[in-house]
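Asker: Everything in the sequence shown is counted per UniProt numbering, starting at 3 for the first residue and increasing by one.
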Amino acid sequence: TQKVTTAYFREAKKTGKRITMLTAYDYPMARMVDEAGIDAILVGDSLGNAVLGYESTIPVTMDDMVHHIKAVTRGVKRAMVIGDMPFLSYHVSREESLRNAGRILQEGGAAAVKLEGGREVAGTVRAMVAAGIPVMGHLGLTPQSIHQMGGYKVQGRDEAAAQKLLDDARALQEAGVFAIVLECVPVPLARLLTETLEVATIGIGAGPHCTGQVLVTHDLLGMFMGKSPKFAKRYANLHQEIIRALTTYREEVLGGAFPGPEHGFDMPEEMLEKLY
Ligand code: KIV
Ligand code: NA
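1. Which word fits residue 237, buried or exposed, when buried means at least 16 other C-beta atoms lie within 10 angstroms of its C-beta?
2. Would the region 244 to 254 and the region 227 to 235 be scored as touching if the rule is three or more Cβ pairs under 8 Å?
3. Do residue 123 and residue 88 have their beta-carbon atoms positioned less than 8 Å apart in this structure?
4. Might you give, ordered along the chain, the residues of its own chain that have their beta carbon closer than 7 Å to the beta carbon of residue 79, omitting 5 neighbours on each side?
5. Only counting runs of 4 or more residues, tell me where the alpha helix (DSSP H) segments fall wholly within the region 179 to 219, in order along the chain.
6. To the nearest whole angstrom, what separates the beta carbons of residue 83 and residue 138, a pair I think is in contact under 8 Å?
7. In terms of residue numbering, what span does the beta strand (DSSP E) encompassing residue 138 cover?
8. Could you name the residues that DSSP lists as bridge partners for residue 232?
9. With a cut-off of 8 Å on the beta carbons, I'd call residue 23 and residue 135 a contact; round off their distance for me.
10. Quick one: using the 10 Å Cβ neighbour count with 16 as the cut-off for buried, is residue 162 buried or exposed?
11. Counting only the same chain and skipping the five closest in sequence on each side, list residues whose C-beta sits under 6 Å from that of residue 103.
12. Figure out for me which residue from 144, 173, 113 and 107 has the closest Cα to the Cα of residue 128.
13. For the ligand NA, which residues count as neighbours when the test is a C-beta closer than 5 Å to any heavy atom?
14. Regarding residue 25 and the ligand KIV, is the C-beta to nearest heavy atom distance less than 7 Å?
Here it is, written out as structure tokens:
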């Protein structure tokens, strides 16, 4: 199987073929997402909420990211693996930003990084791209700035905010990103952005007109502990299914129904007699 690369994103944008992307944070889920034929796997810093038990993405560190990206890349044959740059890992200095992005490729084995922000990160994006590191942008609702945005809400709703989003998207494109995630922006604005930009847009809560779509896999599977956002369609209820399996196990152990003879290993009767 041929690996999905940034060229696949460019081609899809040109031909109008939709790109599918989902998150994964560990080896088994990466294998399943890849086997399902999803084009790209984002090891998002949603890791913090989905599997580390944090209330936001802010506590997630570079070491956390690299650890989980490594697990994911070990499970993937075809999908392009993109590693999220966590809070403050690309702001302190150009040098630190490059080293951190480099770790995601060199130690993690990912094929690209993703980072949040517009014009303010364009110089950093340019430097990464110049170093051979493909970068995916992320605009609209950017969870690492949650304290500044004052809550998880739809972005770009008034004219000034919409114009800023357009300017930010163009700045990212000029800086060399191969795609931009649009999170929680009005459907018509995501459409305008997709029509205006040369690079692919990947929507999450941004309507059907984007080049591709992404969801947090734990939301989609119904195995998220917190509350899932409105845009996250649930395709399964694994939480309920897991609780059912676990309580059945407990009941069977308490009642003596498990383990049964088929779960044990026998030994010859004569040997047993000697031992007694
Ligand atoms: O961390 C993440 O999962 C993300 C996606 C929601 C785009 O950034
Ligand atoms: Na993220």
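Every residue gets a Cβ at the ideal spot worked out from N, C-alpha and C, and that includes glycine.
Answerer: From the atom records:
1. In the sequence shown, the residue the question calls residue 237 occupies position 235. Exposed, because fewer than 16 other Cβ atoms sit within 10 Å of the Cβ of residue 237.
2. no
3. Residue numbering aside, residue 88 sits at position 86 when the sequence shown is read from its first letter. Residue numbering aside, residue 123 sits at position 121 when the sequence shown is read from its first letter. It is not a contact, given that the beta carbons lie outside the stated cut-off.
4. Here the question's residue 79 lines up with position 77 in the sequence shown. Closer than 7 Å at the Cβ level, and outside the excluded window around residue 79, lie 3 and 36.
5. 189 to 198
6. To locate residue 83, count along the sequence shown from 1; it is residue 81. To locate residue 138, count along the sequence shown from 1; it is residue 136. Not quite, the Cβ-Cβ distance comes to about 12 Å (not below 8 Å), so this is no contact.
7. Here residue 138 refers to the residue found at position 136 when the sequence shown is read from its first residue. It spans 137 to 142 - the beta strand (DSSP E) in which residue 138 sits, taken as one unbroken run.
8. In the sequence shown, residue 232 corresponds to position 230, counting from 1. Looking at the DSSP assignment, residue 232 forms no beta bridge with any residue, so it has no partner.
9. Here the question's residue 23 lines up with position 21 in the sequence shown. Here the question's residue 135 lines up with position 133 in the sequence shown. Their Cβ separation, rounded to whole angstroms, is 19 Å, which puts residue 23 and residue 135 out of contact at 8 Å.
10. As a working mapping, residue 162 is identified with position 160 in the sequence shown. Per the 10 Å Cβ criterion, exposed.
11. Position 101 of the sequence shown holds residue 103. Once the five neighbours on either side are set aside, the close Cβ partners of residue 103 are 115, 130 and 135.
12. The sequence position of residue 128 within the sequence shown is 126, counting from 1. The option with the nearest alpha carbon to residue 128 is 173.
13. 46, 47 and 86
14. Position 23 of the sequence shown, counted from the first residue, corresponds to residue 25. At least one heavy atom of the ligand KIV is nearer than 7 Å to the Cβ of residue 25, so yes.
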